[in-house]
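Asker: Just passing along the structure, written as structure tokens.
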Amino acid sequence: MTNPSYNSDKKCENKNYYEILKVSIGADIEEIKKSYRKLALLYHPDKLNKEINIEENINNLSNCLANNGNGTKAFNDIQIAWETLKDDLLRKQYDSLLLEQKRQKYSVSDEIDLDDMEFIEEDSEYIYPCRCGDHYIITEDQLSEGSDVVCCSGCSLSIKVIYQME
Numbered sequence: 333m334t335n336p337s338y339n340s341d342k343k344c345e346n347k348n349y350y351e352i353l354k355v356s357i358g359a360d361i362e363e364i365k366k367s368y369r370k371l372a373l374l375y376h377p378d379k380l381n382k383e384i385n386i387e388e389n390i391n392n393l394s395n396c397l398a399n400n401g402n403g404t405k406a407f408n409d410i411q412i413a414w415e416t417l418k419d420d421l422l423r424k425q426y427d428s429l430l431l432e433q434k435r436q437k438y439s440v441s442d443e444i445d446l447d448d449m450e451f452i453e454e455d456s457e458y459i460y461p462c463r464c465g466d467h468y469i470i471t472e473d474q475l476s477e478g479s480d481v482v483c484c485s486g487c488s489l490s491i492k493v494i495y496q497m498e
């Protein structure tokens, strides 16, 4: 038996599976399953075709769900997202892909150790001066979510924050 692997050919172009299923990246499998079931019932093509108020159902789609007029595209996106996120291995591969895409989105100008950044306790954030005179700012919440690339608040430069989660 072969190991499953994330198939990028099946992916929903420019769509985040977590956004499609309306869950956070840190959601557990039960939360993902619950949201999937709710959305699958809401956007299943057979159900949409029987609804009196189809327009209302279609308008409920989030902005990230493309729609071809009858909900089939949205339902397919929901299915693909569920098939990927329900499997631990596929989810890890997908999460790695998301992280890599996020890193590639920004051209990192430097790598800074978290210990070299100033911690502002009242805001629970770390700051580091940028050469433009403004600052790079990253919060503890962003760090706990796995974010490590920070854009300057005053220019287009970005840094990668090096840190170990405890």
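Just add 332 to wherever you are in the sequence shown, counting from 1, and you've got the numbering used here.
Every residue gets a Cβ at the ideal spot worked out from N, C-alpha and C, and that includes glycine.
1) Taking three-plus beta-carbon pairs below 8 Å as touching, is the segment 409 to 416 in contact with the segment 446 to 460?
2) In chain order, what residues of the same chain lie with their CB nearer than 7 Å to the CB of L446, ignoring the 5 residues before and after it?
3) Going by beta-carbon coordinates alone, are L430 and I357 separated by less than 9 Å?
4) Roughly how many angstroms lie between the CA atoms of Y349 and S485, to the nearest whole one?
5) Return helix, strand or coil for I352, following the three-state DSSP convention.
6) Please list, in chain order, all residues of the same chain as Y368 whose beta carbon is under 7 Å from its beta carbon, the five residues on each side excluded.
7) Taking the straight line between their C-alpha atoms, what separation do you get for L374 and E362?
8) Which residues share a DSSP beta bridge with S442?
9) What is the rounded straight-line gap between the Cα of V482 and the Cα of T416?
Answerer: The answer reads as follows:
1) no
2) Y458, V493, I494 and Y495
3) yes
4) 28 Å
5) helix
6) L353, I410 and W414
7) 18 Å
8) According to the sequence provided, residue 442 is Asp. The question's Ser does not apply to it. In the DSSP output, where bridge partners are listed per residue, D442 has I491.
9) 28 Å
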